[in-house]
Amino acid sequence: MGSVRGRALLDLARHRLGWTARGGFDTKEFWERSYAKAVLPHEWALPPSSLLKYEFRDVSMHRTTTTARGTATLDQDCPRAAKTLVLGGGTSTLAQALCDEGWSDVTALDFSEVAVKRGLEMEPSVNWMVGDARRLDETFSDETFGAIVDKGTVDAIYLSAGDSCTEDVGAVAAGAARVLEPRGTFLCVSLSAPQYLWPLLQCDAWDIQQCEVRRLDGAFLYVMRRGRLKKK
Numbered sequence: 168m169g170s171v172r173g174r175a176l177l178d179l180a181r182h183r184l185g186w187t188a189r190g191g192f193d194t195k196e197f198w199e200r201s202y203a204k205a206v207l208p209h210e211w212a213l214p215p216s217s218l219l220k221y222e223f224r225d226v227s228m229h230r231t232t233t234t235a236r237g238t239a240t241l242d243q244d245c246p247r248a249a250k251t252l253v254l255g256g257g258t259s260t261l262a263q264a265l266c267d268e269g270w271s272d273v274t275a276l277d278f279s280e281v282a283v284k285r286g287l288e289m290e291p292s293v294n295w296m297v298g299d300a301r302r303l304d305e306t307f308s309d310e311t312f313g314a315i316v317d318k319g320t321v322d323a324i325y326l327s328a329g330d331s332c333t334e335d336v337g338a339v340a341a342g343a344a345r346v347l348e349p350r351g352t353f354l355c356v357s358l359s360a361p362q363y364l365w366p367l368l369q370c371d372a373w374d375i376q377q378c379e380v381r382r383l384d385g386a387f388l389y390v391m392r393r394g395r396l397k398k399k
């Protein structure tokens, strides 16, 4: 994504994270270098506490027009009993926060071996795994999880993938749908507005009538529920 908007968000992300490493946010090499130097922890967009309970405004999937307001908790869409996958766990405390708040079966995936090693040191009760969010079918069996939570991975891919942006973000969405159980939920926290990101997240498996976009304080929350997968 080579737009002025894309470069501005990349600069904002680097500033927030305090990182100066060069390279795309969608490459393993960038994150290995960055995590090797990073002071722990780092959070993308918002802290986990702001996701566990939050105020929101519903917005259109095609523009940022407000349609309704409300208050919600994460466990309404991601039940504590659900087997939960955190994409791009990095050095965020999200997976740890889920365990602390009563989620009993949490897996965190990241393609940085440095991040996974540090994650195991921070929260050994989380099942930390090395893998690529764009290739979830290579790491997990179909219908493994009841919920998937992403806070930054889709943004990293979206803002760095250039001409392959559509394909790579679509691969994350399609992979999430495949490893989710029927009626499972994919929650994606993003800095990108729905008119830009939602078309890339669309997938045949989503029950469109049950998909929502919520405006949080400083970020958007995309809530996608799996319907059925079309047979090939």
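In short: position in the sequence shown from 1, add 167, done, that's this note's numbering. Glycine residues also receive a C-beta, built at the ideal position from the N, C-alpha and C atoms.
Return the first residue and the last residue of the beta strand (DSSP E) that aspartate 277 is part of. 273 to 277
For threonine 238, the residue or residues it bridges with in DSSP: Glu222
CA nearest to the CA of tyrosine 202, picked from Met391, Ala282, Ala323, Gly342: Ala282
Pull up the distance between the alpha-carbon of threonine 260 and that of proline 215, whole angstroms please. 7 Å
For the beta strand (DSSP E) holding valine 390, just list the boundary residues, first then last. 387 to 392
With DSSP as the reference, label arginine 350 as helix, strand or coil. strand
In angstroms with no decimal places, state the Cα-to-Cα distance between leucine 252 and alanine 386. 20 Å
Relative to the ligand ATP, is the shortest distance from any of its heavy atoms to the C-beta of phenylalanine 387 smaller than 7 Å? With respect to small molecules bound, the structure shown includes none, and the ligand ATP cannot be examined in it.
Helix, strand or coil, according to DSSP, for serine 292 in the structure here? coil
According to the neighbour-count rule (16 or more other Cβ atoms, all chains shown, within 10 Å of its Cβ), is arginine 350 buried or exposed? exposed
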